[in-house]
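Report on the structure given below.
Chains as they are written, first to last, in full-length UniProt numbering: chain W, 1 to 157; chain L, 1 to 157.
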């Protein structure tokens, strides 16, 4: 397995693939072509024998000069529980530190228990939202109406 | 009317508004919260008496150091044909020049004749795609399967 930068040509392969990985949900709208053109230097592909088995799309915040943001991460269903997301995050941390970013943020849904556990294990802390549900601090309607979100933040050492 | 930078708090107002402006289509997925957090310094709101009547969401390309990209532009239906998009574009050009960007790119659909005429009038040229339809150079499947696109490019003086 190897990790490389995202390329423009990955779009045609990855865009239909992520819908498959999410069991037929239309996820590809969340990953428009612009990320494959303009944020390639902080976005990562993991391959196994030339096949894409994972990706991380992230960027350096343009408005917050010490922050980087992880937008979208996916792992092929057959390759889960093999620390692939962890390896992608670790490489992302390494890359953004080279751009002098020491804060990494990301957003997840309060219902996504796997994501919450993963980010907690990776050393992210939850930012204090406006309500608490099951010990989880939540931002009401952060992603739009009825779209509560958890905001995760990690300080890089 | 005045033009100001996009703010985080605009999301809750603008996100449902754009669906209205596009006649009930779900457009807000194309404008996720991340733009309101991390690309505020190159994104613009036009207001009239405190009401949002137009916006331009754009960014400095992270991978292409001389490029800026216009992602999404909208004008309130009651305020169209008043050069509001032109004013937003002109301010965007001014802003990105301050970040040493001299190329502005954007993408549109071959069926969007209003957008094609607008960009041509604004001095954008079409990049050479892989096929020509009605004298328009088109990139096949650029935005995904059956999603042909025109790529516009303008050199700033």
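Beta carbons: idealized from backbone N, C-alpha and C, even for Gly.
Chain L contact for residue 112(W) (CB, 8 angstroms cutoff):
Along the first chain, read from residue 1 onward, the residue named residue 112(W) stands at position 112. The beta-carbon of residue 112(W) is placed no less than 8 angstroms from the nearest beta-carbon of chain L.
Residue closest to residue 153(L), alpha-carbon to alpha-carbon, out of 141(L), 92(L), 68(L):
Mapped onto the second chain, residue 153(L) falls at position 153. The candidate whose alpha carbon is nearest that of residue 153(L) is 68(L).
Determine the chain L residues that contact residue 141(W) at a beta-carbon separation under 8 angstroms, and present them in chain order.
For the purposes of this step, residue 141(W) is taken as the residue at position 141 of the first chain. Among the residues of chain L, those whose CB is under 8 angstroms from the CB of residue 141(W) are 12, following chain order.
CA nearest to the CA of residue 64(W), picked from 19(W), 101(W), 89(W)
Locating residue 64(W) in the first chain gives position 64, counting from the first residue. With distances taken between Cα atoms, residue 64(W) lies closest to 101(W).
Quick check on this structure: which residue in 134(L), 54(L), 66(L), 36(L) has the alpha carbon closest to the alpha carbon of residue 20(L)?
Within the second chain, the letter at position 20 stands for residue 20(L). The shortest C-alpha separation from residue 20(L) is found at 54(L).
Can you pull the DSSP bridge partners for residue 4(L)?
Taking the first residue of the second chain as 1, we reach residue 4(L) at position 4. Checking the DSSP bridge columns, you'll see residue 4(L) partnered with 45(L).
For residue 113(L), count neighbouring C-beta atoms within 10 Å of its own C-beta (all shown protein chains included) and say buried if the count is 16 or more, exposed if not.
Looking up residue 113(L) in the second chain gives position 113. Around the CB of residue 113(L), fewer than 16 other CB atoms lie within 10 Å, so the residue is classed as exposed.
By the criterion of Cβ-Cβ separation under 9 angstroms, what are the contact partners of residue 120(L) in chain W?
Counted from its first residue, the second chain places residue 120(L) at position 120. In chain order: nothing, as chain W lies at least about 22 angstroms away.
Given a limit of 8 angstroms on CB to CB distance, which residues of the stretch 22 to 56 of chain L reach chain W?
Per Cβ criterion, the list reads 28, 29, 30, 32, 33, 34, 37, 38, 39, 40, 41, 42.
Of all the residues that make up the stretch 70 to 89 of chain L, which are near chain W by a beta-carbon distance shorter than 8 angstroms?
Going along the stretch 70 to 89 of chain L in chain order, one finds 71 with a Cβ nearer than 8 angstroms to chain W.
For residue 96(W), which residues from the same chain have a beta carbon less than 7 angstroms from its beta carbon, with the 5 sequence-adjacent residues on both sides left out?
Your numbering for residue 96(W) matches position 96 in the first chain. For residue 96(W), where only same-chain residues beyond five positions count, the Cβ hits under 7 angstroms are 42, 60, 68, 104.
Run down chain W in chain order and give the residues with a C-beta less than 9 angstroms from the C-beta of residue 60(L).
Numbered from 1 along the second chain, position 60 holds the residue referred to as residue 60(L). Within 9 angstroms Cβ-Cβ: 38, 62.
Does any residue of chain W have a CB that is nearer than 8 angstroms to the CB of residue 115(L)?
Position 115 of the second chain holds residue 115(L). Using a Cβ-Cβ cut-off of 8 angstroms, residue 115(L) does not count as an interface residue toward chain W, since no Cβ of chain W sits closer than that to its own.
Helix, strand or coil: which one does DSSP assign to residue 125(W)?
For the purposes of this step, residue 125(W) is taken as residue 125 along the first chain, with counting starting at 1. If DSSP states are grouped into helix, strand and coil, residue 125(W) belongs with the strands.
Against chain L, does residue 137(W) count as a neighbour if the rule is that its beta carbon must be under 8 angstroms from one of theirs?
On the first chain, residue 137(W) is found 137 positions in, with the first residue counted as 1. False, the Cβ-Cβ gap to chain L never drops below 8 angstroms.
Helix, strand or coil, according to DSSP, for residue 154(W) in the structure here?
Reading the first chain from its first residue, position 154 is the one you call residue 154(W). For residue 154(W), the secondary structure class from DSSP, reduced to helix, strand or coil, is strand.
Whole-number beta carbon distance between residue 31(W) and residue 88(W), since they are thought to touch under 8 angstroms
By 1-based counting over the first chain, the position of residue 88(W) is 88. By 1-based counting over the first chain, the position of residue 31(W) is 31. With a beta-carbon spacing of about 15 angstroms, residue 88(W) and residue 31(W) fall beyond the 8 angstroms limit used to define contacts.
Extract the residue ranges of the beta strand (DSSP E) inside the UniProt domain "N-acetyltransferase" (1 to 145) of chain W, only unbroken runs of 3 or more that lie entirely within it.
Within the UniProt domain "N-acetyltransferase" (1 to 145) of chain W, the complete beta strand (DSSP E) runs of at least 3 residues fall at 2 to 5, 44 to 48, 51 to 60, 67 to 75, 103 to 108, 131 to 133, 136 to 138.
Checking 8 angstroms against the spacing of the C-beta atoms, do residue 70(W) and residue 39(W) come in under that value?
Locating residue 70(W) in the first chain gives position 70, counting from the first residue. Locating residue 39(W) in the first chain gives position 39, counting from the first residue. In this structure, residue 39(W) does not lie closer than 8 angstroms to residue 70(W) by Cβ.
Label residue 50(W) either buried or exposed according to how many other C-beta atoms from any shown protein chain fall within 10 Å of its C-beta, with 16 as the threshold for buried.
For the purposes of this step, residue 50(W) is identified with residue 50 of the first chain, where counting begins at 1. Residue burial annotation: residue 50(W) is exposed, with fewer than 16 other C-beta atoms found within 10 angstroms of its C-beta.
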